[in-house]
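See structure below.
In my numbering, the protein residues as written are 389 to 765.
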């Protein structure tokens, strides 16, 4: 059996998709550029007497958006208001998020200087790994758009001088169960020509990041990537380029969901939205999206079992594998050797892993314009 995903941290932040469904004006939150909270702020100002459930959802959205920008105190305030409105009905996840951002309240936002243009390597996890320098030592870190915070083992945290903050916390991982660990901060790292300051990290016991006797490398989370603005995987995922956002939008559209950013993919009979998670080495769409394949493509699906590993444990589940497909996304066409269909939801209709990104000659996205592009050979 093949491991399809290693140790990414999904669903750390708060879900706001229910808010978008309940209140049409807030659907634009899902398309809001990075750092833009105007839509949710306007809604809160205009609906002070809305039902408590709607207000709680709105504050949950505000918490999530402020946290992405590194405004942790503002995120904690919004999460606190959400928990207060939900009262005894507040979910464990909501309370966990409140504790998460409270622990980081005094930490400044991530700050970047310079640009990154470095080669990527691929180790036993199948993830793209970039060379990161910390305390004059260079190590390979996984580049994980599906990790909502940079994550590492306790041994690596000690090695890289992470400062621990507050008491232990538990969070939900990408597999059933919770992961216990500490919030910490690494003051400075370097990647290529860039210096990055104030990196929050979630530190878990070594065992939580060890599978089949091998430890997962540190995972460079999405907030570090978002802080640059534009993220590019070039030459079929052989190089990583991080730079400031550009004013011109790219052809495809991004959206926010509870797991991070999502992209739109076109199949033979329609479109689907998938969470962009480069920490997954195999892309997987939900079984319902099989209806978007042509009848010939569906007839050639094969059934097998896949093992899913994450910081909160491992599970096995069935999946259907397609033959080679040409997928249209971001204004281009990328040829994939095959695509999985299983019970993956991950905040959208599936998950795009590094395998699909590598199938494109060039793949880039920009959170300031909420657009992306893909180009095949």
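Note that beta-carbon positions come from the ideal geometry of N, C-alpha and C, so glycine has one too. Bear in mind that the values here come from a model prediction, so they are computed numbers and not experimental data.
Inset, instruction - At 4 residues or longer, and completely inside the region 468-511: list those alpha helix (DSSP H) runs for me, N to C. - result: Fully enclosed alpha helix (DSSP H) runs of 4 or longer: 480-491.
Inset, instruction - Note down, one range per segment and in chain order, each alpha helix (DSSP H) of at least 4 residues found wholly within the region 534-618. - result: 542-547, 610-616
Legend entry - DSSP three-state assignment for residue 658, whether helix, strand or coil: strand
Inset, instruction - With residue 683 as the anchor, note down where its alpha helix (DSSP H) starts and where it stops. - result: Unbroken alpha helix (DSSP H) run through residue 683: 683-687.
Legend entry - Which of helix, strand or coil DSSP assigns to residue 453: helix
Inset, instruction - Indicate whether residue 538 and residue 423 have their beta-carbon atoms separated by less than 8 Å. - result: no
Legend entry - Per DSSP, the bridge partner or partners of residue 750: Residue 750 is bridged by DSSP to 622, 763.
Legend entry - Where the beta strand (DSSP E) through residue 516 begins and ends: 516-522
Inset, instruction - Note the first and the last residue of the continuous beta strand (DSSP E) segment covering residue 728. - result: 728-730
Inset, instruction - Flag this pair as yes or no: are the beta carbons of residue 623 and residue 503 separated by less than 8 Å? - result: no
Inset, instruction - Note down the Cα distance separating residue 630 from residue 517, rounded to an integer number of angstroms. - result: 14 Å
Inset, instruction - Note down the Cα distance separating residue 638 from residue 476, rounded to an integer number of angstroms. - result: Cα to Cα, the separation comes out at about 44 Å.
Legend entry - Given residue 621 as reference, the closest of 471, 515, 485 once Cα atoms are compared: 515
Legend entry - Buried or exposed by the 16-neighbour rule on C-beta atoms within 10 Å, applied to residue 662: buried
Inset, instruction - State buried or exposed for residue 691, treating a residue as buried only when at least 16 other CB atoms are found within 10 Å of its CB. - result: exposed
Inset, instruction - With DSSP collapsed to three states, give me the class of residue 704. - result: strand
Inset, instruction - Would you identify the three-state DSSP class for residue 424, choosing helix, strand or coil? - result: coil
Legend entry - Collapsed DSSP secondary structure at residue 429 in the structure displayed: Correct three-state label for residue 429: helix.
Legend entry - Segment limits, beta strand (DSSP E) that includes residue 714: 713-717
Inset, instruction - Just the C-alpha distance for residue 753 and residue 619, rounded to the nearest angstrom, thanks. - result: 5 Å
Legend entry - Of the listed residues 520, 644, 601, 716, nearest to residue 654 (C-alpha basis): 716
Legend entry - Closest Cα partner of residue 426 within the set 437, 436, 440, 449: 449
Inset, instruction - Pair every Cβ in the region 540-558 with every Cβ in the region 520-529, then say whether three or more of these pairs are closer than 8 Å. - result: yes
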